[in-house]
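Numbering (the numbering used here), first residue to last: 94 to 406. The beta-carbon is built from N, C-alpha and C at its ideal position, and this holds for glycine as well. Small disclaimer: the values here were computed from a predicted structure and weren't measured. Here the structure comes first, spelled out in structure tokens, and everything after it is commentary.
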């Protein structure tokens, strides 16, 4: 993942959206930003009139601003739920059409596919929707190739049903955008088990059920040996495999070498200590396996494009 890249997400919340669906899409992004120090990842929450909106469980959410299609950039994530058809107006359809033209990609969660289809932007595309609306959706929009897949990617549009499918879809997007290591970490946060899902060859399923046994053992050993890092050869010995086999596992499942992952893990731990403790930079360096503060500082700046001193409270 490049620290110079920039990814912006706009979450448009419609009345009656599901808290679980929103969390399934947003929390993995938070994890990516937290773990990777990816300064170019940001998001904001909008509503149609800029006022507080209630979820299906009547929890109320205050947005960052009102939805303005001419300001939509990057990835637009529309989160809808119950009574989507009652909320559709000519003005809203026009706004969604304009926003879809401005966005680089559009994600429709739960019942939001209905709104996209009503705007005509899904014509000629494959799409899905919450299973309760699937038959009615297919009948209402014959120009859309309705699918019963858990989630569907078609052109610049990604559509899905409920919370678990939103999680699958966002992990797929994280993997494609930020790399398999970021997707692995995000899936681990949710204790996400693709083996229980319907489709075994998409999204986080590429992470081989959250990592092969050898890889998972290696990650645990890395976590236990931050202050005194092991060499790749020593790590392979602890895992009871060859160095070559271990490197292949990391390359296949995380897209990087064991050494690269090890260094990122140590830097992420250093980030946490810098933000959450009053330890000196020299103390943080020693706790994270660096010879001195300057060595930590150089490595941190090279990886994340900013000095670790900026993180001190």
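- Taking all protein chains in view, the Cβ of residue 368 is surrounded by fewer than 16 other Cβ atoms within 10 Å, so the residue is classified as exposed.
- Taking all protein chains shown into account, residue 207 has 16 or more neighbouring C-beta atoms within 10 Å of its C-beta and is therefore buried.
- Beta-bridge annotation (DSSP): residue 261 is not paired with any residue.
- Secondary structure at residue 216: coil, using DSSP grouped into helix, strand and coil.
- DSSP places residue 136 inside the beta strand (DSSP E), whose first and last residues are 134-140.
- CA-CA distance, residue 265 to residue 140, rounds to 26 Å.
- Under the DSSP assignment, residue 251 falls in the beta strand (DSSP E) whose first and last residues are 250-253.
- Apart from the 5 residues on each side of it in sequence, residue 189 sits with its Cβ closer than 7 Å to the Cβ of 208, 209 and 212 in its chain, given in chain order.
- Across the structure, residue 394 and residue 126 are spaced so that their CA atoms are roughly 16 Å apart.
- Within the same chain, Cβ atoms closer than 7 Å to the Cβ of residue 267 are found at 121, 125, 275, 276 and 279, the five residues on either side in sequence being excluded.
- Counting of Cβ neighbours within 10 angstroms places residue 385 among the exposed residues, the total staying below 16.
- Less than 9 Å divides the Cβ of residue 167 from the Cβ of residue 102.
- Bridge partners of residue 103 according to DSSP: 137 and 169.
- As DSSP reads the structure, residue 154 sits in a beta bridge with 146.
- Under the three-pair Cβ rule at 8 Å, the region 185-200 does not count as touching the region 221-229.
- DSSP places residue 174 within a strand segment (E or B) once states are collapsed to three.
- The beta-carbon separation of residue 143 and residue 158, rounded to 6 Å, stays under the 8 Å limit for a contact.
- Sequence-distant partners of residue 146 (beyond 5 residues in either direction) whose C-beta falls short of 8 Å from its own C-beta, in its chain, are 106, 107, 108, 110, 140, 153, 154 and 156.
- DSSP, reduced to helix, strand and coil, places residue 325 within a helical segment of the structure shown.
- Distance from the CA atom of residue 238 to the CA atom of residue 259, rounded to whole angstroms, is 20 Å.
- Spatial neighbours of residue 314 in its own chain (CB-CB distance under 8 Å, excluding positions within 5 residues in sequence) are listed in chain order as 323, 328, 331 and 332.
- Going by DSSP, residue 200 is part of no alpha helix (DSSP H) but of the beta strand (DSSP E) stretching over 198-202.
- Residue 342 and residue 402 have their C-alpha atoms roughly 35 Å apart.
- Within a 10 Å sphere around the beta-carbon of residue 361 sit 16 or more other beta-carbons, which makes this residue buried.
- Considering only 391, 352 and 179, the residue with the shortest C-alpha distance to residue 326 is 352.
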